[in-house]
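Converting from the sequence shown to the numbering used here requires adding 157 to each position, the first position being numbered 1. Report on the structure given below.
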Amino acid sequence: DNIPQLEDVSRFLQDCTGFRIRPVAGLLSSRDFLSGLAFRTFHSTQYIRHSSRPMYTPEPDVCHELLGHVPLFADPAFAQFSQEIGLASLGAPDEYIKKLATCYWFTVEFGMCKQENDLKAYGAGLLSSFGELQYCLTDASEKKTFDPAVTCDQEYPITSFQPIYFVADSFEKAKEKMREYAKTIPRPFSVRYNPYTQSVEVIENKNQIINLTHAIKGDLTLLEDALSKIGGI
158 DNIPQLEDVS RFLQDCTGFR IRPVAGLLSS RDFLSGLAFR TFHSTQYIRH SSRPMYTPEP
218 DVCHELLGHV PLFADPAFAQ FSQEIGLASL GAPDEYIKKL ATCYWFTVEF GMCKQENDLK
278 AYGAGLLSSF GELQYCLTDA SEKKTFDPAV TCDQEYPITS FQPIYFVADS FEKAKEKMRE
338 YAKTIPRPFS VRYNPYTQSV EVIENKNQII NLTHAIKGDL TLLEDALSKI GGI
């Protein structure tokens, strides 16, 4: 009977993965949008598509945000994937911001992957459009293997169904490929998100690396203890 309030949905997401929703009045620049993801913040529009066009809207609306993005941001693995794209954008040259935004488009928005030899859609733009969800699984569109170095230069329309989709062997493979691609972005520093302070830390000296190493060792100790108690995997 009503559209969920973004504040209520944001509180739900924070409990799930630490992501928050921040309302915006219109489209942001790619750099601003991606940097928000780095801080686990998703900028969401607030209007709803007209009833005369229920199958597709060229601009993201609350149907797209709530039906497409929110369920995925509630999943820890997907939330991490989205945040890593955002972290890769911090300090990146303008030409790489465009490339990252294109990779975001063909993964988070219109991504597809294989699962037990079946073709699955995981992009929010597909999950929130029953018209394009049906269309993407037909032979009417071209399917290409997901390779960020190639995908990043692919042109795409924003006012119609996509003529091309990029398919990963699995969602985990898509994450791995994006991580490898992020390493090729020329930046003078590395960054990590600190979930305790909810801030991004620039890793630029030895002391920070040593502290990070200690944190990783602590996690490994916990992992070893857990494995010993359950008898290994």
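For every residue, glycine included, the Cβ atom is placed at its ideal position computed from N, Cα and C. The structure presented is a predicted model; accordingly, all values stated were derived computationally and were not measured.
Taking C-beta separations shorter than 6 angstroms and ignoring five residues to either side along the sequence, the partners of V181 in its chain run H200, following chain order. Taking L244 as the centre and dropping the five residues before and after it, the same chain places the C-beta of A195, V348 closer than 6 angstroms to its C-beta, in chain order. Runs of alpha helix (DSSP H) with 4 or more residues, each lying fully within the region 224-290, are found at 227-230, 233-246, 251-261, 281-284, listed in chain order. If you look at P180, you'll find it in the beta strand (DSSP E) that goes 177-180. The beta carbon of K334 is closer than 6 angstroms to those of P305 in its chain, skipping five residues each way along the sequence. Straight-line spacing of the CA atoms in L185 and F263 works out to 18 angstroms.
Buried is the label assigned to A339, since at least 16 other Cβ atoms lie within 10 Å of its Cβ. Going by DSSP, F323 is part of the beta strand (DSSP E) stretching over 321-325. The DSSP-derived three-state label of Y338 is helix. One Cα belongs to L223, the other to K363, and the distance between them is close to 42 angstroms.
For R344, no alpha helix (DSSP H) segment is defined, and its DSSP state is neither H nor E. Taking all protein chains shown into account, I242 has 16 or more neighbouring C-beta atoms within 10 Å of its C-beta and is therefore buried.
Secondary structure at E216: coil, using DSSP grouped into helix, strand and coil.
Residue pairing for E358: DSSP places it in a beta bridge opposite R349. Per the coordinates, the alpha-carbon of R210 lies some 34 angstroms from the alpha-carbon of E273. Out of S286, G282, Q319, the CA that lies nearest to the CA of S298 is found in Q319.
A Cβ-Cβ separation of about 12 angstroms leaves L284 out of contact with F230 under the 8 angstroms criterion. Residue environment for P217: buried (at least 16 other C-beta atoms within 10 angstroms of its C-beta). In this structure, the beta-carbon distance from N351 to E358 falls below 8 angstroms.
In the three-state scheme derived from DSSP, where H, G and I count as helix and E and B as strand, H207 is classed as coil.
The beta carbon of G175 lies closer than 8 angstroms to those of R197, A236, P352, Q355 in the same chain, with the five residues before and after it left out.
For a cut-off of 8 angstroms, the C-beta gap from K332 to F238 is around 5 angstroms, short enough to register as a contact.
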